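Structure, as structure tokens:
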Amino acid sequence: MTYRHVVLFRLHEGASADEAVAVLEAARPRLGASRWTITTSLDDRKGTVVVEDSTFDDEASFQAWRVSEQHVRAVAHMRDHADWLVGDWVE
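Residues in the sequence shown are numbered from 1 upward in steps of one, following the UniProt record's numbering.
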């Protein structure tokens with residue numbers, strides 16, 4: 001069983017997509033993630049959207065990453081530059 005975590009970040013007007021992608025890439029889990037994709041959506045009709053699509057080995061790995069320093073830094077940055085929606089589920 002794996003733990004899926006998908007976030008859609010809608011950037012605020014004037015926020016840099018390249019900077020957002022770099023910040024989120026820096027939050028890549030060091031352990032416990034079997035998949036980690038950060039990219040800008042091809043559809044920009046609703047503004048610039050950055051997609052984080054990740055798969056963790058289990059919920060414990062996800063929870064450990066969630067409280068990690070790199071994730072906390074990314075959240076602090078994105079809080080000032082985007083709004084977002086999160087989807088988490090078990091496969």
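Quick reminder that beta carbons are idealized off the backbone N, C-alpha and C, glycines included.
If you're wondering where the values come from, they're calculated on a predicted model, not measured in any experiment.
- When DSSP reads this structure, residue 89 sits in a beta bridge with 4.
- The DSSP assignment places complete alpha helix (DSSP H) segments of no fewer than 4 residues inside the UniProt domain "Stress-response A/B barrel" (3 to 91) at 17 to 26, 59 to 66 and 69 to 81, in order along the chain.
- Scanning 71, 30 and 40 for the CA closest to the CA of residue 16 turns up 40.
- Excluding five sequence positions before and after residue 57, the CB atoms of its chain that fall closer than 8 Å to its own CB belong to 2, 3, 32, 33 and 34, given in chain order.
- The Cβ-Cβ distance between residue 22 and residue 70 does not fall below 8 Å.
- A Cβ-Cβ distance of about 5 Å is found for the pair residue 20 and residue 50, placing them in contact under the 8 Å criterion.
- Across the structure, residue 59 and residue 80 are spaced so that their CA atoms are roughly 28 Å apart.
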